[in-house]
Amino acid sequence: TRHPQSGWLRSRCRPLLLPCFWSRRTPHAQRFGHSMSVVLGVLSLFYMFIFLVAELTSVGGAVHLITGVDPLPTVLGVSLVTLTYTAIGGLPVSLMTDNVQGISILLLITTLCISIYVYSPISGQEIIASGSADVTGGGAISLVTLIFAVCTANMFHAGYWQRVWSAGSNRKQTIGIFGANFLQIIVMCMIGVLGMIAVAKYGDELFVPEYVAFASAFFLINELPFGLRVLFVILIVSMVASTAD
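Residues in the sequence shown are numbered consecutively from 22, following this note's numbering.
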């Protein structure tokens, strides 16, 4: 005889095991059919797996580069803390921490740019001479490629769709989208300036014998005083936690 709670338990667990494509009542299933819903679900799960692996690997490597700490404890610590507060508080806690982490990230990145300018002063002429500020065809191609690649990949990001469906109204959703994009442009410009400073400072060391230009900001951070390095470890962990939750 089935336990009377077994049906309820299956109904609660089923969306966790197969979140995107189990139900035929989801909007994409109703519009494009159940088969397409299954395909989208599989792609979304695959993308989120790759996304989380990349995020956690990055935070482990970045903290190791700055502090020398083994990456594994960092990865496990960020994973467990993020998993704990999202499991307890759910989406409301995730949205609340997004606000806190977003403000802290803006403040810390501004502090980072000022600190690097103070401790690693590079003139505008040196940046121009390094060629990092040049407008090139390859740079334009990279710009367009990244825009299309990131935008299309994020169509499978479950966290974004989760926030879309949790918006209080279309107006609030529109304000959130444009506000987030505006702040993201500011952050990316700041990071881009740090990359230009790194190229002017380190030159070919970022490209030969091994391509490490993607970690150029961390080389600049590594030259800062210990207290500032600790501050920016907090920044890196906050950035990963804000996306992993």
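The beta carbon of each residue, even a glycine, is placed where N, CA and C say it ideally should be.
- For residue 160, the enclosing alpha helix (DSSP H) covers residues 158–174.
- A check of alpha carbon separations from residue 250 across 69, 196, 66 and 84 identifies 84 as the nearest.
- Nearest Cα to residue 261 within the set 76, 169 and 192: 76.
- The beta carbon of residue 253 sits closer than 8 Å to those of 87, 129, 133, 242 and 245, all from its chain and outside the five residues before and after it, given in chain order.
- Fewer than three beta-carbon pairs drawn from the stretch 64–80 and the stretch 218–227 are found closer than 8 Å, and the two stretches are therefore not classed as touching.
- In the structure shown, the three-state DSSP call for residue 143 is coil.
- Boundaries of the alpha helix (DSSP H) around residue 223: 191–223.
- Taking a C-beta distance under 8 Å as the contact criterion, residue 114 and residue 99 do not qualify as a contact pair.
- At a Cβ-Cβ threshold of 8 Å, residue 103 and residue 234 do not count as neighbours.
- Per the coordinates, the alpha-carbon of residue 258 lies some 10 Å from the alpha-carbon of residue 122.
- When rounded, the separation of the alpha-carbon atoms in residue 188 and residue 203 is 19 Å.
- Counting along the chain, residue 180 sits inside the alpha helix (DSSP H) bounded by residues 179–186.
- DSSP, reduced to helix, strand and coil, places residue 245 outside both helices and strands of the structure shown, so it counts as coil.
- Residue 151 is a Cβ neighbour of residue 224, given a cutoff of 8 Å.
- Here residue 94 is not near residue 82, since their CB atoms are 8 Å or more apart.
- For the pair residue 183 and residue 73, the CB atoms are not nearer than the 8 Å cut-off.
- Contact annotation, residue 148 with residue 154: C-beta distance approximately 5 Å; criterion of less than 8 Å satisfied.
- Take residue 174, set aside five residues on each side of it, and the residues of its chain with a beta-carbon closer than 8 Å to its own are 68, in chain order.
- The shortest C-alpha to C-alpha distance from residue 178 to any of 71, 138, 56 and 208 is the one to 71.
- With a cutoff of 8 Å on beta-carbon distance, residue 126 and residue 227 are scored as not near each other.
- With fewer than 16 other CB atoms across the displayed protein chains lying within 10 angstroms of its CB, residue 109 is exposed.
- Counting only residues of its own chain and dropping the five nearest sequence neighbours on each side, residue 165 has no CB closer than 7 Å to any other CB.
- Taking the Cα positions, residue 194 is about 47 Å away from residue 230.
- Cβ atoms of residue 170 and residue 212 stay farther apart than 8 Å, at about 17 Å.
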